[in-house]
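Engineer: Numbering of the sequence shown is given in this note's numbering, commencing with residue 3 and proceeding in unit increments.
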Amino acid sequence: MNEEINSFDDYLALAERYKKIVAEKGEALLIKVFNEFFQNYPEVKAVAWTQYTPYFNDGEPCVFKIRDFYGSSSESYDENRGLEYGEPSKEGVTVYSADAFVFGDQEYHSGLADLVKKLRGGKEVLLAAIGDHAKVFVTKDGLDIEEYSHD
Numbered sequence: 003m004n005e006e007i008n009s010f011d012d013y014l015a016l017a018e019r020y021k022k023i024v025a026e027k028g029e030a031l032l033i034k035v036f037n038e039f040f041q042n043y044p045e046v047k048a049v050a051w052t053q054y055t056p057y058f059n060d061g062e063p064c065v066f067k068i069r070d071f072y073g074s075s076s077e078s079y080d081e082n083r084g085l086e087y088g089e090p091s092k093e094g095v096t097v098y099s100a101d102a103f104v105f106g107d108q109e110y111h112s113g114l115a116d117l118v119k120k121l122r123g124g125k126e127v128l129l130a131a132i133g134d135h136a137k138v139f140v141t142k143d144g145l146d147i148e149e150y151s152h153d
C-alpha cells in the first residue's frame, strides 16, 4: 500500500476504495473457492447458509455471522428447501454438516468443516460481496443469493 494518508478524509477515501474492491472481487474469488471445493468433494453438490447481523441479541453485541451452514448431495434448490432449519431431507438426498454434533439425518463432512472455517475467517468478504441478511445457495453453476428475514 503506497497510499499516503495525511488526514481522516484520506483514510475514509482509502477505506471506501478498498471496500469497493472487496465487493467487486469478492464474489469471483468465492466462486473459485467453491469450484475447488466441489472438485475435491464431488459428493457435495450444493452448499448453503444464512448470514446476518441479528437485530437483538439479549443484551450482547449484535455481530454479523455465518449461520445454518450445510451441504447437500442435491443441486436442486427445491429439494434443499428447509434443510437449514433442520427439516428432514428429501428421499435420496444426503445432508452434510460442518458440525461434528449432527442432528436428524445429517452426516458430518470434514471438508465442509474446513470450508466453513475458511469462510468464517473471511466474513468481511462475505459481508461486502454478498451483503447482510442473506440466504446463499451455491452449486458448481454459481451463487444464488436472496434476502433473508429473521428475528
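Positions of the beta carbon are idealized from the N, C-alpha and C atoms, including for glycine.
What does the alpha-carbon distance come out to for the pair Gly-126 and Lys-119?
Structural biologist: The residue you asked about is not Gly; residue 126 is Glu in the sequence shown. Each residue's alpha carbon lies about 13 Å from the other.
Engineer: From Asp-101 to Lys-67, what distance separates their C-alpha atoms?
Structural biologist: Going by the C-alpha atoms only, they are around 15 Å apart.
Engineer: Excluding the five sequence neighbours on either side, which residues of its own chain have a C-beta within less than 6 Å of the C-beta of Thr-141, listed in chain order?
Structural biologist: Once the five neighbours on either side are set aside, the close Cβ partners of Thr-141 are Ala-48, Glu-77.
Engineer: Please classify Asn-82: is it buried, with 16 or more other beta-carbons within 10 angstroms of its beta-carbon, or exposed?
Structural biologist: Buried, by the Cβ-count rule.
Engineer: DSSP on Lys-21, reduced to helix/strand/coil?
Structural biologist: It is helical.
Engineer: Where does the unbroken beta strand (DSSP E) through Val-95 begin, and where does it stop?
Structural biologist: Careful: Val-95 lies outside any beta strand (DSSP E) and carries neither H nor E.
Engineer: In this structure, how does DSSP classify Glu-81 when only helix, strand and coil are distinguished?
Structural biologist: Three-state result, Glu-81: helix.
Engineer: Are the segment 133 to 153 and the segment 33 to 52 touching, with three or more C-beta to C-beta distances below 8 Å?
Structural biologist: Yes, the segment 133 to 153 touches the segment 33 to 52.
Engineer: Where do the ends of the alpha helix (DSSP H) carrying Asp-70 lie?
Structural biologist: Premise fails: Asp-70 lies in the beta strand (DSSP E), 67 to 74, not in any alpha helix (DSSP H).
Engineer: Considering only residues of the same chain and omitting the five flanking positions on each side of Ala-136, which have a CB-CB separation below 6 Å?
Structural biologist: Excluding sequence neighbours, Ala-136 sits near Gln-53, Ile-147, Tyr-150.
Engineer: Less than 9 Å separating the beta-carbons of Ala-131 and Ala-25?
Structural biologist: A contact, by the Cβ cut-off of 9 Å.
Engineer: Report yes if the C-beta distance between Ile-33 and Leu-145 is below 9 Å; otherwise report no.
Structural biologist: Their beta carbons are under 9 Å apart, which means Ile-33 touches Leu-145 by this criterion.
Engineer: Let me know if Ser-9 comes out buried or exposed under the rule of 16 or more other beta-carbons within 10 Å of its beta-carbon.
Structural biologist: Exposed is the call here.
Engineer: Distance check for Glu-93 and Gly-113, CA to CA, integer angstroms please.
Structural biologist: Those two C-alpha atoms are separated by around 23 Å.
Engineer: To which residues does DSSP link Gly-144 through a beta bridge?
Structural biologist: Thr-141, per the DSSP bridge assignment.
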